[in-house]
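Reading through the structure tokens given below for one structure.
In this note's numbering, the protein residues as written are 480 to 749.
Shown next, in the form of structure tokens:
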């Protein structure tokens with residue numbers, strides 16, 4: 480049905496020459512789950528301080544790729560991975576690399592908010608405490624700063640000790656973002672981070688991402704093309720486990736180089 484071009488890697492290299500300084504580099508990444516070849520020879524350079532959206536139909540490998548960035552596959556015995564993923568110059572799958580060290584660099588925002596069964600305050604303070612910060616004043620400053628950074632401080636400052644589950648779904652997702660930022664990551668990962676939210680909460684998260692990209696590299700899986708058009712600086716289009724096309728969002732959405740990309744964006748298939 481579709482012709483997957485064989486010159487994809489050389490095309491990617493040309494695109495990479497026009498990118499901002501890359502922060503996360505994927506080299507010849509293959510992922511097998513229960514013996515099935517899910518990701519196939521992925522080569523990708525994700526720029527620093529920008530938003531990269533990964534798009535494609537369901538089952539194309541978007542989430543599998545995202546989970547590879549912070550070694551979440553380590554917890555599954557039926558997953559086999561080959562290739563390299565570099566943050567700056569460090570191969571996160573290199574021998575002797577400590578997993579918690581890698582995950583500290585990645586703040587993950589899942590499809591549904593996953594607040595911890597504790598207070599609003601303790602949710603944000605959890606990571607800093609885990610990494611050795613004990614002084615109350617310092618923890619309070621971190622909590623206030625991160626809740627402010629996600630626009631939540633004014634909404635919750637008078638009930639910091641109440642359970643996090645008392646917050647609305649949109650507030651919980653912003654709390655999860657604040658919790659991730661509290662450990663000072665380098666990269667923010669979003670796995671369809673707004674799919675469970677109402678339109679107003681979705682726009683708030685998108686607005687936060689647009690502000691946060693001044694300090695972080697943001698990589699977001701989304702099945703909503705309108706969302707990618709609103710916030711993406713760069714777009715990676717995947718199909719059947721392969722990276723078909725990657726480049727600036729303006730080019731991908733207005734003048735894609737691959738017919739398969741054009742067909743997907745035009746709605747010929749989903």
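Ideal Cβ positions, reconstructed from N, Cα and C, are used throughout, including at glycine.
Values in this document were obtained by computation on a predicted structure and should not be read as measured data.
- When secondary structure is reduced to three states using DSSP, residue 532 falls in the strand class.
- When the Cα atoms are used, residue 735 and residue 686 turn out to be separated by approximately 26 Å.
- Ranking 524, 532, 523 and 519 by CA distance to the CA of residue 697 puts 532 first.
- Closest option to residue 513, judged by alpha-carbon separation, among 653, 556 and 596: 556.
- Boundaries of the alpha helix (DSSP H) around residue 581: 578-583.
- Beta-carbon to beta-carbon, residue 659 and residue 587 are separated by about 7 Å, close enough to satisfy the 8 Å threshold.
- Inter-residue distance for residue 510 and residue 570 is about 16 Å (C-alpha atoms, whole angstroms).
- Residue 507: member of the beta strand (DSSP E) spanning 501-512, first to last residue.
- Residue range 721-727 is occupied by the beta strand (DSSP E) that includes residue 725.
- With a cut-off of 8 Å on Cβ pairs, the stretch 576-594 is in contact with the stretch 668-684, counting three or more such pairs.
- In the three-state reduction of the DSSP assignment, residue 516 falls in the strand class.
- Per DSSP, the unbroken alpha helix (DSSP H) holding residue 688 starts and ends at 678-691.
- In summary, residue 670 is buried, with 16 or more beta-carbon neighbours lying within 10 Å of its beta-carbon over all protein chains present.
- Exposed is the label assigned to residue 748, since fewer than 16 other Cβ atoms lie within 10 Å of its Cβ.
- Residue pairing by DSSP places residue 716 opposite 534 and 724 in a beta bridge.
- Distance between residue 545 and residue 668, taken at the CA atoms: about 7 Å.
- Under the DSSP assignment, residue 631 falls outside any alpha helix (DSSP H); it carries neither an H nor an E label.
- Spatial neighbours of residue 708 in its own chain (CB-CB distance under 8 Å, excluding positions within 5 residues in sequence) are listed in chain order as 728 and 732.
- Three or more beta-carbon pairs separated by less than 8 Å are not found between the stretch 618-626 and the stretch 556-566, which leaves the two stretches without contact.
- Around residue 610, the same chain offers 583 and 662 as residues with beta carbons nearer than 8 Å, after the five sequence neighbours per side are excluded.
- For residue 526, the beta-bridge partners assigned by DSSP are 501.
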